[in-house]
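Residues 30 to 200 (the numbering used here) are what the sequence shown spells out, left to right.
For every residue, glycine included, the Cβ atom is placed at its ideal position computed from N, Cα and C.
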Amino acid sequence: MNERIRNIRLLLLDVDGVMTDGRIIFDSNGVESKFFNVKDGHGIKMVQRAGIEVGIISGRGSVVVSNRAAELGISLVYQKSLDKLTPYREILERTELTDEQVAFMGDDVIDIPVLRRVGFAAAPADAVDDVFPFVHFTSRNRGGWGAVREVCDLLLREQGKWDEITSRYFL
30 MNERIRNIRL LLLDVDGVMT DGRIIFDSNG VESKFFNVKD GHGIKMVQRA GIEVGIISGR
90 GSVVVSNRAA ELGISLVYQK SLDKLTPYRE ILERTELTDE QVAFMGDDVI DIPVLRRVGF
150 AAAPADAVDD VFPFVHFTSR NRGGWGAVRE VCDLLLREQG KWDEITSRYF L
């Protein structure tokens with residue numbers, strides 16, 4: 030697993046069930062809400078500072094996701110992707126990366142085709158059972174509750190970038 034992580038230059042994430050806990054809330058006016066974990070967001074910012082690009086591939090479309098991606102400086106955003114391999118291939122072409130240089134975190138069967146291709150595949154603790162045979166890492170935390178942060182921290186530590194990226198916090 031460590032060798033796989035050393036090659037990673039791009040972290041791709043599913044949204045519902047990975048960046049969020051999977052709940053989708055609509056108010057009486059039909060306005061959608063999702064809950065994102067600030068620790069996951071900070072982990073994303075740290076890996077970006079370490080030179081690892083971050084992208085999103087989501088099966089659903091949501092203005093909330095677009096807003097969160099913009100807030101985090103994520104420009105690779107693909108929504109309404111029921112066939113996640115199509116945007117995945119576009120991302121590889123756009124970034125000129127190989128499968129071995131990409132990590133992906135997914136939680137449901139729709140994510141399996143991409144999980145099978147990437148160099149490092151991860152799932153949150155509460156992913157559906159069918160996903161686990163296809164991942165190299167399962168987080169201790171559930172989706173939306175720090176699972177993404179675990180992957181970000183793991184990437185930083187295994188690539189030897191943790192001390193550099195976090196040094197300003199320990200002054």
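Taking the Cβ atom as the reference point for each residue, do residue i and residue j lie within a distance shorter than 8 Å?
{"i": "Val157", "j": "Asp182", "result": "no"}
{"i": "Arg123", "j": "Glu82", "result": "no"}
{"i": "Gln274", "j": "Val94", "result": "For residue 274 there is no data in the structure shown, the boundaries of the chain being 30 and 200."}
{"i": "Arg146", "j": "Tyr117", "result": "yes"}
{"i": "Val177", "j": "Ile73", "result": "yes"}
{"i": "Ala132", "j": "Ala154", "result": "no"}
{"i": "Glu179", "j": "Arg186", "result": "no"}
{"i": "Val143", "j": "Leu114", "result": "yes"}
{"i": "Gly175", "j": "Gly51", "result": "no"}
{"i": "Ile120", "j": "Leu101", "result": "no"}
Tell me the DSSP secondary structure of residue i in three-state form.
{"i": "Thr127", "result": "coil"}
{"i": "Leu39", "result": "strand"}
{"i": "Ala156", "result": "coil"}
{"i": "Arg178", "result": "helix"}
{"i": "Arg197", "result": "helix"}
{"i": "Gly72", "result": "helix"}
{"i": "Leu121", "result": "helix"}
{"i": "Leu185", "result": "helix"}
{"i": "Arg146", "result": "coil"}
Would you please state the rounded distance, in angstroms, between the beta carbons of residue i and residue j? I believe it to be under 8 Å.
{"i": "Leu41", "j": "Ile86", "result": "6 Å"}
{"i": "Asp192", "j": "Val160", "result": "Rounded, the Cβ-Cβ distance is 32 Å, inconsistent with contact."}
{"i": "Ile34", "j": "Phe149", "result": "6 Å"}
{"i": "Phe199", "j": "Met30", "result": "27 Å between Cβ atoms; not a contact."}
{"i": "Gln130", "j": "Asn66", "result": "In fact, because the Cβ distance is near 26 Å, the residues do not count as touching under 8 Å."}
Taking the C-alpha atoms as reference points, what is the distance between residue i and residue j?
{"i": "Asp56", "j": "Val44", "result": "20 Å"}
{"i": "Gly80", "j": "Thr49", "result": "24 Å"}
{"i": "Lys68", "j": "Glu61", "result": "22 Å"}
{"i": "Gly70", "j": "Ala99", "result": "12 Å"}
{"i": "Phe64", "j": "Leu126", "result": "31 Å"}
{"i": "Gly84", "j": "Ser110", "result": "13 Å"}
{"i": "Gly46", "j": "Glu32", "result": "27 Å"}
{"i": "Gly10", "j": "Met75", "result": "Residue 10 cannot be examined here, being either before or after the span of the chain that is shown, 30 to 200."}
Tell me residue i's beta-bridge partners as DSSP assigns them.
{"i": "Ile85", "result": "Leu42, Val106"}
{"i": "Ile54", "result": "Ser62"}
{"i": "Ala151", "result": "Met134, Phe166"}
{"i": "Thr49", "result": "Phe65"}
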